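Residue numbers (my numbering): 4 to 201.
Even glycine gets a Cβ: it sits at the ideal position worked out from N, Cα and C.
In this text, all values refer to a predicted model and were calculated from it rather than measured experimentally.
Only one structure is covered here, and it is reproduced in the block below.
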Ligand SMILES: [Zn+2]
């Protein structure tokens, strides 16, 4: 991620400040830890990059902004997103912090693809740099992080495949559930680093 982090690029209306509760939260936390351990969510000053979410009932639950290393997260690191208007840059959420800066990207994928149950976005220098050699679809040009344009580029790519690269930025995986989405990330990582015992 070459661009400097400058906060979220949408306005959040909070419907409540309670951390989300959901039976699948432990699984999301586990995938955050795996992303951290495998170098898919590298740290930056004040947080660590990458954002992971799953579809809940009429909402989705996503990692919050600036939550630091993703290896030991408590429930208040997560936010429930109940509405998103990408064109207006508005998000409705419940939780104790802003939802991830890429919330609009996640929202657009859930809104347009009912079969998607999980979206994981990570950063890995080699996957990003070698996208073409790996045969991975990627967005046509670099776009600002957290922007509606980036969300729309992801939406176009997600209609064609379930693992793709945002040019000069990072990768996005989608799947019907977290296990398939995360498995896809680890398989692509394995292609460049070789197999590693789990
Ligand atoms: Zn990113």
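Where residue i falls, given that 16 or more other Cβ within 10 Å makes a residue buried
i	result
residue 32	buried
residue 142	buried
residue 244	Here the chain has residues from 4 to 201 only, and residue 244 is not among them.
residue 18	exposed
residue 188	buried
residue 49	exposed
Proximal residues to residue i (C-beta, below 8 Å), its chain only, five neighbours per side dropped
i	result
residue 92	12, 13, 14, 107, 151
residue 116	161, 162, 177
residue 20	97, 98, 99
Residue j beta carbon less than 8 Å from that of residue i
i	j	result
residue 168	residue 130	yes
residue 70	residue 102	no
residue 68	residue 16	no
residue 79	residue 22	yes
residue 192	residue 127	yes
residue 61	residue 85	yes
residue 146	residue 156	yes
residue 121	residue 56	yes
residue 109	residue 148	no
residue 181	residue 30	yes
Opening and closing residue of the alpha helix (DSSP H) in which residue i lies
i	result
residue 156	151-161
residue 38	28-40
residue 115	106-115
residue 55	Unbroken run through residue 55 is the beta strand (DSSP E), 54-59; no alpha helix (DSSP H).
Residues near residue i in its chain [Cβ-Cβ closer than 7 Å; skip 5 each side]
i	result
residue 76	32, 35, 70
residue 185	34, 37, 123
residue 52	4, 44, 45, 126
residue 164	140
residue 47	8
Delimiting residues of the beta strand (DSSP E) encompassing residue i
i	result
residue 134	Not the beta strand (DSSP E): residue 134 falls in the alpha helix (DSSP H), residues 134-137.
residue 15	14-19
residue 177	173-178
residue 100	Careful: residue 100 lies outside any beta strand (DSSP E) and carries neither H nor E.
residue 77	Run containing residue 77: none; DSSP gives neither H nor E here.
Sequence-distant residues of the same chain with beta carbon closer than 6 Å to residue i, five excluded per side
i	result
residue 154	89, 107, 108, 111
residue 58	113, 120
residue 195	129
Closer than 8 Å to chain D by CB, residue i
i	result
residue 124	No chain D is present in this structure, which holds just one protein chain.
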